[in-house]
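Take the sequence shown: its position 213, counting from 1, is numbered 212 in numbering that gives the first Met the number 0, and each next residue is one higher. Read through the structure below, which is laid out as structure tokens, and then see the notes.
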Amino acid sequence: MRITRNETSAPYGSSGDPHYLFDREGFGQNIDELLEAFLPRYGNFALAYSFKTNYLKDACDAVNERGGLAEVVSPLEYSYAMHLGFPESRIVYNGVIPDDGKLAVLAGGGTVNIDSLAEYERLAWLAQELSTPIRIGVRVNLDVPWATSRFGIPPEGGDFAAIMERISQNSFVSLCGFHSHVHGGRDVRCWVERAEALIDLAKRYGARYIDLGGGMWGKMPEELKAQFKSKPNTYQEYGEAVGGLFAKAFPDESVKLIVEPGIGLVGSAMECVSHVVGIKEVRGKQYVQLDINGAATAFDYNCDANRIRKPFRIIRTGTGQPVVLLNADLVGTTCTEIDVLVRDYCGVLAVGDTIVFENIGAYSLVTSRQFITPRLGVYNSRTKECLREPECFGDMFGKYLRET
């Protein structure tokens, strides 16, 4: 007799399957609070949700329902936004991948921020060939003290000057706005510095929008806040500082302010439920084996390198013998030594205990991978409705087995 997986596993992980929990209402509240932080201070404001941070349909739908924009960076993300009902007029298309869809977004009244002179030349050629006037944005590479980026075009460089000159001579292309996104620099003071630089450019070249990109702090428990060098800012603090700056620079609100939050919106809206499946000691070091890997919580993407411990809570569901742990590593399902979710944990755990990782809504679902174990299912944290089915054998190996 062969026992199937379906006979041993019930929905929603009730028999021990790992899974994600998504708080749709909490995510929607984050959107509302961010809008409330900016709009009273600067009415010509738009929120563009960073699709790449979390593709979950319920998250994207929550943005669409509130009239928000879809910030996409690839042809497939653009197609996904269209499939979900975002009109091209509410799409912000960034990214370095060549795509004729960018012209369609511009023709439909949407926003495209080019990243290079070559991208300008492609779009300008298409616009002329199809006799389609377009208004483009330019991603600016700012000289900031907290980071150096490979993206965008330095305003003091030759390529920037060439683009501005060619736009002035091209009857099919005009300048619409400026965009800047630099990794790091989440503090309000960094946002203000970025905003001041782009406001100066906007006034100099007559831009109609300024897109400040993403990189906001979001909601998090005190345990997580305490691990950062500076105190994370609130939505209200961003709204007061940046919205106030724009209100002073453009009292008629003639220039649209766009922000592209990802982590700051969705980070707090998702948890990952895992379980202890084994505890052992190897040469004096204790290891706790979990049934997820580090990619499932984006730990290896944005935490471990910075020695940040994602907050988690323990639910005593185990029936095994409790083990006292001293500087134990909680490890994942893959065969790599770097697959460690928690380092140097001290406490008591038993096989069968449940460990819930919090604040993992950003870059967990989208960067998790089919390496040894399939991607996890996603459930509504309140209704327990399945929002995304857990992957199965066919998802992992179906294309490998396809007959040629």
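Where is the CB? At the ideal position from N, CA and C, for every residue including glycine.
Sequence-distant partners of arginine 312 (beyond 5 residues in either direction) whose C-beta falls short of 6 Å from its own C-beta, in its chain, are Val355.
Minimum Cα-Cα distance from lysine 284 among the listed residues Met215, Tyr344, Pro17 corresponds to Tyr344.
The alpha-carbon of serine 267 is positioned some 11 Å away from that of glycine 261.
About 21 Å separates the Cβ atoms of glycine 351 and glycine 293, ruling out a contact at the 8 Å cut-off. Runs of the alpha helix (DSSP H) spanning 4 or more residues and lying entirely within the segment 278-319 occur at 298-301, in chain order.
Take asparagine 140, set aside five residues on each side of it, and the residues of its chain with a beta-carbon closer than 7 Å to its own are Ser148, Phe150, Gly151, Ile152, Pro153, in chain order.
In terms of Cβ geometry, alanine 146 and glycine 184 form a close pair [threshold 8 Å].
Residue pairing from DSSP leaves alanine 201 without any beta-bridge partner. For phenylalanine 370, no alpha helix (DSSP H) run applies, since DSSP gives it neither H nor E.
Here alanine 225 is exposed. Its C-beta has fewer than 16 other C-beta atoms within 10 Å.
Here aspartate 394 is exposed: its Cβ has fewer than 16 other Cβ atoms, across all protein chains shown, within 10 Å. No residue range can be given for serine 88, since it is assigned to no alpha helix (DSSP H) and is classified by DSSP as neither H nor E. Secondary-structure assignment with DSSP links aspartate 57 through no beta bridge to anything. Looking from the CA of arginine 306, the closest CA among Gly100, Lys202, Phe227 belongs to Phe227. Fully contained in the segment 125-180 are the following beta strand (DSSP E) runs of length 3 or more, in chain order: 133-138, 172-178. Where arginine 342 is concerned, the enclosing beta strand (DSSP E) starts and stops at 339-348. Taking the Cα positions, glutamate 195 is about 11 Å away from isoleucine 209.
In the three-state reduction of the DSSP assignment, asparagine 358 falls in the coil class. Linking lysine 398 to arginine 207 through their CA atoms gives a straight-line distance of about 47 Å.
With a beta-carbon spacing of about 17 Å, asparagine 232 and valine 265 fall beyond the 8 Å limit used to define contacts. Shown here, cysteine 271 sits in a strand according to DSSP, grouped into three states. Secondary structure note for asparagine 29: its alpha helix (DSSP H) is the uninterrupted segment 23-37. Taking the C-beta atoms as reference points, threonine 353 is found nearer than 8 Å to isoleucine 314.
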